[in-house]
Amino acid sequence: MTRHVLADLVRSTALGVLGDRGLDPAGVPAAVALDAPTDPDRGEYATGVALRAAGPAGTTPAELAGWLAEALTGTGGVAEAAVSGPGFVALWLTDDARAEVVRTALRGGPALPDVPRTTPIGPDARPRLVAEVLTRLGADPTGVRVGPATAGPGVEPDSLRFALLATRAGDPVRVDPEVWGPRLPSNPAFRVRHAHARAACLLRGAADLGLSIPGPDTPAAGLVPPADTLGLVRALADHRCALVEAARLREPHRVASAAAELAEATHVLADGGRILPRGDAEAHPTSAARLALCAAARRVLAEGLGVLGTDAPERI
Numbered sequence: 346m347t348r349h350v351l352a353d354l355v356r357s358t359a360l361g362v363l364g365d366r367g368l369d370p371a372g373v374p375a376a377v378a379l380d381a382p383t384d385p386d387r388g389e390y391a392t393g394v395a396l397r398a399a400g401p402a403g404t405t406p407a408e409l410a411g412w413l414a415e416a417l418t419g420t421g422g423v424a425e426a427a428v429s430g431p432g433f434v435a436l437w438l439t440d441d442a443r444a445e446v447v448r449t450a451l452r453g454g455p456a457l458p459d460v461p462r463t464t465p466i467g468p469d470a471r472p473r474l475v476a477e478v479l480t481r482l483g484a485d486p487t488g489v490r491v492g493p494a495t496a497g498p499g500v501e502p503d504s505l506r507f508a509l510l511a512t513r514a515g516d517p518v519r520v521d522p523e524v525w526g527p528r529l530p531s532n533p534a535f536r537v538r539h540a541h542a543r544a545a546c547l548l549r550g551a552a553d554l555g556l557s558i559p560g561p562d563t564p565a566a567g568l569v570p571p572a573d574t575l576g577l578v579r580a581l582a583d584h585r586c587a588l589v590e591a592a593r594l595r596e597p598h599r600v601a602s603a604a605a606e607l608a609e610a611t612h613v614l615a616d617g618g619r620i621l622p623r624g625d626a627e628a629h630p631t632s633a634a635r636l637a638l639c640a641a642a643r644r645v646l647a648e649g650l651g652v653l654g655t656d657a658p659e660r661i
């Protein structure tokens, strides 16, 4: 379940609970915002729609949030909903909804059009890169304003390309060689590519050990992600939304931001272990689900880097 689908469900439910009570739904926004709490006890997602809609409806945020929580629980991929704070609603997804995110990522998105990669060097490099990425997304780059860019020496092409695309196109950007030059995790472009390489390395290790790597046809029970990996599941779902929004709004920086977020979650997965057994030890009970997440992250990171025209290395 993507954030867009969940937001639509929350909106339709809000309209429904107000309509059922004969209350004015005018305060329900056309686009419901969903936050991603850092504390898992506050939900996988949370919405403050009750805070906005309660006043025009003539009720209190807490009361409306309670109605929403009751109506959303057990509906459309939501396992549980609960009132949080003064009128927020915390949401937890079902295992099936989480597994479907992993399955969708494993299937991969549509093939990218064959758009030649332009060099990221030269005074007109940034406009060319923006046009290239938007064309790859199926969006018309005509009329998109692109701000000036300056770049110091010593930045390799893939990092330079990522740096020029990571900032909103209309804003000026300065590519600092001290940030974007080193082949270190402190370099945002290197960190994304390194996440892909780490996922690929773990999958090679699994194959060498004869472990079965779940695929898109694996039953849902084999794709249910462990509780400590829900940040990665959310990043996988959000990446697909980011590609759609980047094309709709003609903002290629959204692709770079989503790739960076997914990379961070992938590093957390890799750092956490419990993916490959050590020595003669048996595989961890959650190993297969974590391998599925590795494969999903690798595929989606490759897609994001492909949209940006950047290589997705198998090894670094």
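Using our numbering, you'd call the opening residue of the sequence shown number 346 and step up by one each time.
Backbone N, C-alpha and C fix where the C-beta goes; we use that ideal spot for every residue, glycine too.
{"Query": "From Phe507, Ala391, Gly526, residue whose alpha carbon lies closest to that of Gly293", "Result": "Coverage of the chain is limited to positions 346 through 661, which leaves residue 293 absent and any answer about it impossible."}
{"Query": "Helix, strand or coil at Pro619 [DSSP, three-state]", "Result": "Sequence inspection shows Arg at residue 619; the Pro mentioned does not correspond to that position. It is coil, neither helix nor strand."}
{"Query": "Start-to-end residues for the alpha helix (DSSP H) that takes in Leu409", "Result": "406 to 417"}
{"Query": "Through-space distance from Glu425 to Pro559, alpha-carbon basis", "Result": "27 angstroms"}
{"Query": "Rounded C-alpha distance that separates Ile466 from Pro561", "Result": "40 angstroms"}
{"Query": "Residue nearest to Glu609 in terms of C-alpha spacing, selected from Asp384, Arg366, Arg538", "Result": "Arg538"}
{"Query": "Three-state class that DSSP yields for Thr464 in the structure shown", "Result": "coil"}
{"Query": "Residues of its chain near Gly483, where Cβ-Cβ distance is below 8 angstroms and the 5 sequence neighbours each way are ignored", "Result": "Pro458, Ala592"}
{"Query": "Start and end residues, alpha helix (DSSP H) containing Leu396", "Result": "394 to 402"}
{"Query": "Beta-carbon proximity list for Ala444, same chain, < 7 angstroms, skipping 5 on both sides", "Result": "Ala565, Leu568, Val569"}
{"Query": "Extent of the continuous alpha helix (DSSP H) to which Ser504 belongs", "Result": "502 to 511"}
{"Query": "Nearest residue (CA-CA) to Ala603, options Leu588, Gly617, Val613, Thr563", "Result": "Leu588"}
{"Query": "As assigned by DSSP and simplified to three states, the class of Thr449", "Result": "helix"}
{"Query": "Residues of its chain near Ala572, where Cβ-Cβ distance is below 8 angstroms and the 5 sequence neighbours each way are ignored", "Result": "Pro385"}
{"Query": "Touching by the beta-carbon criterion (3+ pairs, under 8 angstroms), the segment 383 to 400 and the segment 431 to 445", "Result": "yes"}
{"Query": "Those runs of the alpha helix (DSSP H) which lie wholly inside the segment 511 to 535 and span at least 4 residues", "Result": "522 to 525"}
{"Query": "Short Cβ contact (8 angstroms threshold) for Ala450 with Ala641", "Result": "yes"}
{"Query": "Reduced DSSP secondary structure (H/G/I, E/B, other) of Leu436", "Result": "strand"}
{"Query": "In DSSP terms, what Leu428 is bridged to", "Result": "The identity of residue 428 in the sequence shown is Val, whereas the question assumes Leu. Bridge partners of Val428: Val434."}
{"Query": "Sufficient close CB pairs (3 or more, under 8 angstroms) joining the segment 605 to 622 to the segment 491 to 498", "Result": "no"}
{"Query": "Chain-order list of residues whose beta-carbon lies under 8 angstroms from that of Arg490 (same chain, five-residue window excluded)", "Result": "Ala514, Gly515"}
{"Query": "Residue from Arg644, Arg660, Cys639, Thr358 with nearest C-alpha to Gly453", "Result": "Arg644"}
{"Query": "Contact under 8 angstroms by Cβ, Asp625 with Arg348", "Result": "no"}
{"Query": "Three-state secondary structure assigned by DSSP to Asp553", "Result": "helix"}
{"Query": "Gly372 and Pro401 closer than 8 angstroms at C-beta", "Result": "yes"}
{"Query": "Expected contact under 8 angstroms - CB spacing of Arg660 and Arg635 to nearest Å", "Result": "21 angstroms between Cβ atoms; not a contact."}
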